[in-house]
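The numbering of the sequence shown is our numbering, which starts it at 729 and goes up by one.
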Amino acid sequence: MLSEHRDMAAAKALFRTATSATGMVPDQVTTDGNGSYPRAIRSTLGKRVLHRNSAFKNNRLEQNHRGVKGRIRCMRGFKSFTSAERCCRSHDELRNYLRPCTRHNHSVSASRCRFLHLRRATAALALLKVG
Numbered sequence: 729m730l731s732e733h734r735d736m737a738a739a740k741a742l743f744r745t746a747t748s749a750t751g752m753v754p755d756q757v758t759t760d761g762n763g764s765y766p767r768a769i770r771s772t773l774g775k776r777v778l779h780r781n782s783a784f785k786n787n788r789l790e791q792n793h794r795g796v797k798g799r800i801r802c803m804r805g806f807k808s809f810t811s812a813e814r815c816c817r818s819h820d821e822l823r824n825y826l827r828p829c830t831r832h833n834h835s836v837s838a839s840r841c842r843f844l845h846l847r848r849a850t851a852a853l854a855l856l857k858v859g
């Protein structure tokens, strides 16, 4: 979730969105050191949810942002929140479109992945030329 400020309202919105998307309340939540997270977790998710504060335990989740961070770095950041929101949304949509959908524990050959990626990339480029 992208928000303009890292405050209590943004933290509560993040946890409400996550709970509504998954349909369940987690047993524990791992966050970085932002001070608004503990209060937001207690008020949004309840007092039974364990809050872990670690910069390293959520590295797997943070790896999801690697592609966006690589793109932002060469542009030296964004000039406005609107352009950041637009770039992040379109980057994630295109990345998910190009990623081959697989089932859990279902292997897909490298040649099949390449074929699907090329077909989807060609379709995405055709859409960009039209628009």
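We treat Cβ as the ideally placed atom computed from N, Cα and C, and that holds for glycine. Note that this is a predicted model, so its numbers are computed, not measured.
Q: Return the chain-ordered list of same chain residues with a C-beta closer than 6 Å to the C-beta of P766, the five sequence neighbours on each side being excluded.
A: H779
Q) For the beta strand (DSSP E) that L773 lies in, which residues bound it at each end? A) Premise fails: L773 is in no beta strand (DSSP E) and is neither H nor E.
Q) T758 bridges to which residues according to DSSP? A) R780
Q.
Please state the DSSP three-state secondary structure of D820.
A. helix
Q. Measuring CB to CB, does V757 end up less than 8 Å from I769?
A. yes
Q: May I have the straight-line CA-CA distance separating N762 from L846, to the nearest angstrom?
A: 41 Å
Q) CB T747 to CB L773, shorter than 8 Å? A) yes
Q. Where does K857 sit, in a helix, a strand or coil, going by DSSP?
A. helix
Q) Under a three-way DSSP split, which group does H915 fall into? A) Nothing can be reported for residue 915, as the shown portion of the chain is limited to 729 through 859.
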